[in-house]
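Scroll down for the structure; my scribbles are underneath it.
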Amino acid sequence: MCNNIIENNTGPRGLPIYYSNSTVNWSGLEASQIVLCNADNSVLESVSADTAPDGISFNIAIHYGDNVTITSSSASTISLSTCTNSTLVNNTISGSIISGFFDEGSNGTYLSGNTAYNCNYSGFELYSNDATLVSNTAYGNGIYGIASFELNDYYHMVYGINSTGATINSNTVYGNGLGGIFLSNAQNATIRSNTVYSNGDGEEHSEPYYGNPDAPSKYFGIGFADAFNMTLEANTIHDNMYYGFAVNDSDEVNSTNDLCYGNLVADVIAIATYASDVSFDGLLLDTSNYPNISFIDALEASTTYTIKRVPSPNTNYPEGTAVQNRLINITNITGSPTIDSLTWAWGNSEQNDYNESTFELWKYVTSWVDLNATKNTAANTLNHSLITTEGAYGMLGEYYWEDPGGGGDPEPEPDCYSDSDCGACEECSGGECILPSGACASDSDCDAGETCESCECAPPECTSDSDCGQGYVCEDYECIFEETGPECVSDSDCVNCEECSDGECVLPTGSCISDSDCAGEGETCESCICIPPECADDSDCIGDGHSCINYECTPPECTVDSDCGAGGACESYSCIRPECTEDDDCAEDEECKDYECVEKEAPIDGGAGGAGEIEVPPEEGGEVEGKESQGQGQGIPIVSAVIDTLSDIMLKNAPSQAAGASGEVDANKKELSEAGWFFVLGILAIILYFGLTKLLPKLPGGTTGRARVEREDEE
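Take the position in the sequence shown, starting the count at 1, then add 563; the result is the number in the working numbering.
Given below as structure tokens:
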């Protein structure tokens, strides 16, 4: 493809077309079109390519180039295709009939200080990996300011070119037709410290971009569609025509300390046709320096809701007043969404004006309701879980009103009266020592890599190798000398499972150090080899009822009834427990029979009798009716109870003749128990003893006849 020869051609306005398939260093050229193909290490500086009224799309086009640099140039479009480590700095793009900067299938593109405006589609459009956009400006473009997509059949009819690993930092994006920054089918992007505002032109965008059906159809500051693992931090998004953040079917979207306010319809809209996770930590919904809300949510499928800062719906507060008058409104758009966790935070400065011990989280729909949120005064937070009802939510508390005349709560004793009462770098504000905006007392008060010097955050020595001189690399924000020798000369110089290849320790294909290196589902890394799991689903397990749990075959709870204990039954490999195994398992008026609780049977030999009622037999010669008396005949129930007790001890139910070996008994047939037999034998022994003493003749002195004869013989 790059072996073509193009010479002595002109384009619009008679300007030449420049082409090269080898390294060039061109400066100050004025052309209608510049094309480099396989021209590694080329440099274009201060060149210009005229706008293409005849339909030429790419004024500066780079194909299959490594380490190409374009600086301080102007064109209607600069395009990169299948390039590596391209650098574009301080270029200006305007009036493109498509997008201004177009990057397709490249790796490691670096764009800094560029400006793209008045382009028909997007200012910056990426279909590439590991691109970095820093300190660029995109405004007045027809669709998006900065966009990152998966290259698919909606455009070039090519599948599988994803956009992953983009870093979008410190850019200014405003006044674009549909949205500021948009990522679709992108992965592992970082979006930090961008300013995105006033996007949305009010025109209808029924097919948002190249027919992409997942793109939000309304205006927004920063939006996602089918994106994964998006990291946002310290962005400012305000005054966009519809939404600040638009999250559509995107998973693992994590925001930290973003400032989002003044957006017309809502500050956040979350849309889910399938389950996904979002997290907004310390989301600021106004321009104060106080934290506002944090929410974490596993979005349910087929749900949509919005969150927006609103004025109070009703100033008749039940407790105190709305702290800093910051309230939010949650609106359910589709389905029945549940926000898993909502946390309200307050800053130390607020504590000087309010009694934080009175802070509570309230909800207003038709009246105020206390949510009984979990309070943490050490962390300055109120947390409430499982928000299911739309409405207004706010933190209410009592204000410390100054009351010199008495009768009210006095102002609390301030921590300071002047700056001299505070520590280094602090100032006295509202009776409290605080750090002024932008000041620092230690490195922890600064951004990553910055150091605190003389109460101000100083930038790091470097953030990338390009900030250091030749032979130095940037590590931990410091330039250090790079060792020039090889990392290894043999496998023994490497650790773990790595081997030495071209002087570097690398992991061989198919080897692993940890489970995360294994591609197969459930595989584990053992001795540098990925070992497949015992099972992936139940069909991989052998044996009735075995199931696959955590990639291991697990036996069932039971296969036969005897596995379930007395009275248990095995159904579908699970034990069904009986209602009872003994009478104590049943209610007081029930007993356990055949492992079921049934109503107790009435005694066969009569009932319990009435309370104090006896029947007196008639006297001779007359009849006496039964009388109800508290004292009459009380001896009879006592005797009956004694007899019943002896009967229970001495008798037991005899086995039923039809029971066989089943152990069933006949409640109507009694036999002697062991205690009964002992009692009968005892009675017989007593009778025998007394019978013998009566039948044998007794001698004087109480001796028997045999004893008397023995005595006579002695005489």
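Note that CB positions come from ideal geometry on N, CA and C, so glycine has one too. Values in this document were obtained by computation on a predicted structure and should not be read as measured data.
Opening and closing residue of the beta strand (DSSP E) in which Gln596 lies: Position 33 of the sequence shown holds residue 596. Run containing Gln596: 596-600, per the beta strand (DSSP E) assignment.
6 angstroms Cβ shell around Phe745 - same chain, five flanking residues per side excluded: Here residue 745 corresponds to residue number 182 of the sequence shown, with the count starting at 1. Contacts found: Tyr707, Ala710, Gly786.
Presumed contact (8 angstroms Cβ cut-off) between Asp693 and Asn670, rounded CB distance: What you label residue 693 is simply residue 130 of the sequence shown in a count that begins at 1. What you label residue 670 is simply residue 107 of the sequence shown in a count that begins at 1. Confirmed, about 6 angstroms.
Residue nearest to Lys781 in terms of C-alpha spacing, selected from Ser609, Asn732, Ser813, Ile834: Within the sequence shown, the letter at position 218 stands for residue 781. Nearest option by C-alpha distance: Ile834.
Closest residue to Tyr942 among Trp907, Thr799, Gly1034, Asp1039 (Cα-Cα distance): As a first step, residue 942 must be located in the sequence shown, where it is residue number 379. Checking the displayed sequence, the identity of residue 942 turns out to be Ala instead of Tyr. Nearest C-alpha to Ala942: Trp907.
Distance CB(Cys1003)-CB(Cys1020) smaller than 8 angstroms: Counted from its first residue, the sequence shown places residue 1003 at position 440. Counted from its first residue, the sequence shown places residue 1020 at position 457. Yes, the pair counts as a contact, with Cβ atoms nearer than the cut-off.
Residue of Glu1162, Leu934, Cys1104 minimising C-alpha distance to Asn1113: The count along the sequence shown starts at 1 and reaches residue 1113 at position 550. Residue Cys1104 is the option with its Cα nearest to Asn1113.
Straight-line gap, Ile569 to Asn584 (C-alpha atoms, nearest Å): Within the sequence shown, residue 569 is the residue found at index 6, counting from 1. Within the sequence shown, residue 584 is the residue found at index 21, counting from 1. If I take the Cα positions, the gap works out to 10 angstroms.
Span separating the alpha-carbon of Gly1254 from that of Gly1245: As a working mapping, residue 1254 is identified with position 691 in the sequence shown. As a working mapping, residue 1245 is identified with position 682 in the sequence shown. Using only the alpha carbons, I get a separation of about 14 angstroms.
Burial state of Glu1084 (16 or more Cβ within 10 Å): For the purposes of this step, residue 1084 is taken as residue 521 along the sequence shown, with counting starting at 1. Exposed, by the Cβ-count rule.
Buried versus exposed call for Asn1059 [16 or more other C-beta atoms within 10 Å across all chains shown]: Within the sequence shown, numbered from 1, the residue matching residue 1059 stands at position 496. The residue is exposed, with fewer than 16 neighbouring Cβ atoms inside 10 Å.
Residue closest to Pro1096, alpha-carbon to alpha-carbon, out of Ala1132, Cys1111, Ser1090: Position 533 of the sequence shown, counted from the start, is the residue given in the question as residue 1096. For Pro1096, the nearest C-alpha among the options comes from Cys1111.
Classification of Gly591 by the beta-carbon crowding that lies within 10 angstroms, buried from 16 upward: Reading the sequence shown from its first residue, position 28 is the one you call residue 591. Gly591 is exposed by the Cβ-count criterion.
Leu1247 classed as buried or exposed, judged by whether at least 16 other C-beta atoms fall within 10 angstroms: Within the sequence shown, the letter at position 684 stands for residue 1247. Looking at its Cβ environment, which holds fewer than 16 other Cβ atoms inside 10 Å, Leu1247 is exposed.
Sequence-distant residues of its chain with Cβ nearer than 6 angstroms to Ser649 (five each side left out): Translated into positions along the sequence shown, residue 649 becomes position 86. Val631, Leu643, Thr672.
Cβ-Cβ distance between Asn588 and Ser605 below 8 angstroms: On the sequence shown, position 25 is the one that residue 588 refers to. On the sequence shown, position 42 is the one that residue 605 refers to. Yes.
Three-state secondary structure assigned by DSSP to Leu827: Walking along the sequence shown from the start, residue 827 turns up at place 264. Leu827 falls in the coil class under three-state DSSP.
Closest Cα partner of Glu1016 within the set Thr952, Gly1001, Tyr760: On the sequence shown, position 453 is the one that residue 1016 refers to. Of Thr952, Gly1001, Tyr760, the residue nearest in Cα terms is Gly1001.
Segment limits, beta strand (DSSP E) that includes Asp666: As a working note, residue 666 is residue 103 in the sequence shown. Unbroken beta strand (DSSP E) run through Asp666: 664-670.
Secondary structure of Cys1127, DSSP reduced to three states: Taking the first residue of the sequence shown as position 1, residue 1127 is located at position 564. It is helical.
Element boundaries [beta strand (DSSP E), containing Ile580]: Position 17 of the sequence shown holds residue 580. Ile580 -> beta strand (DSSP E) spans 580-583.
Presumed contact (8 angstroms Cβ cut-off) between Gly654 and Ser637, rounded CB distance: Locating residue 654 in the sequence shown gives position 91, where the first residue counts as 1. Locating residue 637 in the sequence shown gives position 74, where the first residue counts as 1. Here residue 654 is Asn; the residue named in the question, Gly, does not match the sequence. So it is a contact: roughly 7 angstroms between Cβ atoms.
Beta-bridge partners of Arg872, as assigned by DSSP: To locate residue 872, count along the sequence shown from 1; it is residue 309. Answer is Ile891.
Sequence-distant residues of its chain with Cβ nearer than 8 angstroms to Gly1169 (five each side left out): Here residue 1169 refers to the residue found at position 606 when the sequence shown is read from its first residue. Because the pLDDT of Gly1169 is 48, which lies under 50, any placement of that residue in the model is unreliable, and the number read from its coordinates should be weighed accordingly. Here the set comprises nothing.
Where the beta strand (DSSP E) containing Val1052 begins and where it ends: Taking the sequence shown and counting its residues from 1, the one referred to as residue 1052 is at position 489. It is not in any beta strand (DSSP E) - Val1052 carries neither H nor E in the DSSP assignment.
Contiguous beta strand (DSSP E) assignments of at least 3 residues, all confined to the segment 1058-1105: 1062-1064, 1067-1069, 1087-1089, 1092-1094
Where Leu949 falls, given that 16 or more other Cβ within 10 Å makes a residue buried: By one-based count along the sequence shown, residue 949 stands at place 386. The residue in question, Leu949, is exposed, as its Cβ has fewer than 16 Cβ neighbours within 10 Å.
For Gly1034 and Asp844, the rounded distance between their alpha carbons: The sequence position of residue 844 within the sequence shown is 281, counting from 1. The sequence position of residue 1034 within the sequence shown is 471, counting from 1. Cα-Cα distance, rounded: 41 angstroms.
Spatial neighbours of Gln596 in its chain, beta-carbon cut-off 7 angstroms, leaving aside the 5 residues before and after: Counting from one through the sequence shown, the residue named residue 596 turns up at place 33. Contacts found: Gly574, Ile580, Ala612, Ile619, Asn622.
Tyr837, buried or exposed, once every other Cβ within 10 Å from all chains shown has been counted against 16: Residue mapping note: residue 837 aligns to position 274 of the sequence shown, counting from 1. The residue in question, Tyr837, is exposed, as its Cβ has fewer than 16 Cβ neighbours within 10 Å.
Neighbourhood of Glu1061 by C-beta distance below 7 angstroms, restricted to the same chain and skipping five residues each side: Locating residue 1061 in the sequence shown gives position 498, where the first residue counts as 1. Excluding residues within five positions, the ones whose Cβ falls inside 7 angstroms are Cys1068, Val1069, Leu1070.
Beta-carbon proximity of Leu846 to Asp821, cut-off 8 angstroms: Locating residue 846 in the sequence shown gives position 283, counting from the first residue. Locating residue 821 in the sequence shown gives position 258, counting from the first residue. The answer is yes: Cβ separation under 8 angstroms.
Same chain only: Cβ atoms within 8 angstroms of Cys1138, ignoring 5 sequence neighbours per side: One-based indexing of the sequence shown puts residue 1138 at position 575. Counting only Cβ-Cβ distances below 8 angstroms, and skipping sequence neighbours, we find Glu1120, Cys1121, Asp1126, Cys1127, Gly1128, Gly1131, Ala1132.
Exposure of Gly577, with buried meaning 16 or more beta-carbon neighbours within 10 Å: Counting from one through the sequence shown, the residue named residue 577 turns up at place 14. It counts as exposed.
Euclidean distance between Cα positions of Ala1082 and Glu1050: Translated into the one-based positions of the sequence shown, residue 1082 becomes position 519. Translated into the one-based positions of the sequence shown, residue 1050 becomes position 487. The straight-line gap from Cα to Cα measures roughly 27 angstroms.
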